[in-house]
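To start, the structure under review is shown below, and the notes come after it.
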Amino acid sequence: MAGHLSRGEADDPDLADARRAAGGDHDAFERLYSRHAPRVRVTARWLLGGGDLDAAVQDVFVRLWEQLRSFSERAAFRTWFSRVTVNVLLRRRERAGRERRLHAPAPILARQAAPDAGAELRSQMADAVDRLPPRAREVFLLHDVHGYSPAEIAETLGLTLNTVRSQIARSRIRLRHYLDARP
């Protein structure tokens with residue numbers, strides 16, 4: 000197979016590199032990193048609202064390295080990797096939330112600190128996204144965060160195009176409702 004790409008690999012360099020990286024090819028993994036790290040960083044900033052984004056990106060790629068052999072190719076690599084990314088970042092956010100609660104300042108000190116409005120809004124938005132049903136959350140993140148078209152999402156997840164469009168619209172309405180209901 001050296002030097003020869005299958006039709007799927009020729010059409011999708013991610014697929015070719017994922018297969019090679021799963022076999023231990025560090026150069027292929029580096030190519031995946033180069034192509035996807037900027038998107039992972041944007042997703043991390045969106046879901047985590049700042050902090051150590053480099054460490055978050057590193058966590059995602061460590062997990063990718065560990066999980067590459069489990070990639071079954073039932074979904075497109077990009078979609079599968081988006082799920083890995085979101086799962087790692089949500090777990091990271093949950094851990095950070097637990098640590099913040101554990102080390103929270105006394106109430107009087109907390110009232111004195113001026114909150115960062117941007118970070119607060121990102122946190123509220125991330126909380127609202129977490130409240131979406133799992134399938135709706137997946138469709139919303141693939142579309143609005145990762146930039147997939149409704150047709151790509153439908154094909155990847157095995158849904159009809161109308162179902163995907165409906166999920167996107169309903170998710171946006173729910174998010175608006177969740178955010179409007181916050182104090």
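Residues 0 to 182 in numbering that gives the first Met the number 0 are what the sequence shown spells out, letter by letter. Backbone N, C-alpha and C define an ideal beta-carbon position, used for all residues, glycine too. Keep in mind it's a predicted model, so treat the numbers as computed, not measured.
Worksheet item: What residues in its chain sit with their C-beta under 6 Å from that of L140, if we drop five residues either side in the sequence?
Response: Taking the sequence shown and counting its residues from 1, the one referred to as residue 140 is at position 141. Within the same chain, Cβ atoms closer than 6 Å to the Cβ of L140 are found at V85, the five residues on either side in sequence being excluded.
Worksheet entry | C-beta contact flag for R91 and A55 at 7 Å | Counting from one through the sequence shown, the residue named residue 91 turns up at place 92. Counting from one through the sequence shown, the residue named residue 55 turns up at place 56. Between R91 and A55, the CB-CB gap stays under 7 Å.
Worksheet item: Within this structure, are the beta carbons of L67 and A21 separated by less than 7 Å?
Response: In the sequence shown, residue 67 corresponds to position 68, counting from 1. In the sequence shown, residue 21 corresponds to position 22, counting from 1. Contact: yes.
Practice prompt. Leaving out five residues on either side along the sequence, give the residues of the same chain with a beta carbon under 6 Å from the beta carbon of P12.
Written response: Position 13 of the sequence shown, counted from the start, is the residue given in the question as residue 12. Here P12 has no same chain residue with a Cβ atom under 6 Å from its own Cβ, once five neighbours each way along the sequence are excluded.
Worksheet item: Is it the case that the Cβ atoms of V39 and L63 are separated by a distance below 7 Å?
Response: As a first step, residue 39 is located in the sequence shown; it is residue number 40 there, counting from the start. As a first step, residue 63 is located in the sequence shown; it is residue number 64 there, counting from the start. L63 is positioned such that its CB atom lies no closer than 7 Å to that of V39.
Worksheet item: With distances taken between CB atoms, is the gap from T42 to V138 smaller than 7 Å?
Response: As a working note, residue 42 is residue 43 in the sequence shown. As a working note, residue 138 is residue 139 in the sequence shown. Against a cut-off of 7 Å, the Cβ pair of V138 and T42 comes out as no contact.
Worksheet item: With a CB to CB cut of under 7 Å and the five nearest residues on each side skipped, what residues in its chain are close to F60?
Response: The count along the sequence shown starts at 1 and reaches residue 60 at position 61. Hits under 7 Å: Y32.
Fill in: Reference R134; option with closest CA among R169, R94, R19 and R34
Reading the sequence shown from its first residue, position 135 is the one you call residue 134. Closest in C-alpha terms to R134, from the list R169, R94, R19 and R34, comes R169.
Worksheet entry | DSSP three-state assignment for S81, whether helix, strand or coil | Translated into the one-based positions of the sequence shown, residue 81 becomes position 82. Here S81 sits in helix by DSSP.
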